[in-house]
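In the numbering used here, the protein residues as written are 1253 to 1339. Backbone N, C-alpha and C fix where the C-beta goes; we use that ideal spot for every residue, glycine too. The structure under discussion appears below in the form of structure tokens.
Structure follows, in structure tokens:
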């Protein structure tokens, strides 16, 4: 079952679509972001703040977030099964 992962400022992504969350500082990632901008395959969820992570989706879109990659992945790995109890 798909979960929605908060990536900051009220924005969420489908957990089934996320491939990776990486830092935008490396040159290859910068080139990928630039290419995605040129091809209109980018979703900017930073609300005008500095991009701290780039989230890769399985649909070839790149999602920019103002959260650190480790924060995004912690939220991705956190179980949020509200209402379910271990038996």
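Under the DSSP definition of a beta bridge, which residues are partnered with residue i?
i: residue 1261; result: According to DSSP, residue 1261 bridges with nothing at all.
i: residue 1308; result: 1272 and 1314
i: residue 1296; result: 1316
Counting only the same chain and skipping the five closest in sequence on each side, list residues whose C-beta sits under 7 Å from that of residue i.
i: residue 1320; result: 1304 and 1305
Return the chain-ordered list of same chain residues with a C-beta closer than 8 Å to the C-beta of residue i, the five sequence neighbours on each side being excluded.
i: residue 1325; result: 1273
i: residue 1314; result: 1284, 1285, 1288, 1293, 1294, 1295, 1306, 1307 and 1308
Excluding the 5 residues preceding and the 5 following residue i in the sequence, name in chain order all residues of the same chain whose CB lies nearer than 6 Å to its CB.
i: residue 1260; result: 1317, 1318 and 1319
i: residue 1310; result: 1269 and 1271
i: residue 1275; result: 1321
So which of the options has the shortest CA-CA distance to residue i?
i: residue 1307; options: 1301, 1264 and 1279; result: 1264
Which residues bound the beta strand (DSSP E) around residue i?
i: residue 1322; result: Element bounds for residue 1322: not the beta strand (DSSP E) but the alpha helix (DSSP H), 1321-1329.
Taking the continuous alpha helix (DSSP H) assigned at residue i, which residues delimit it?
i: residue 1279; result: 1279-1290
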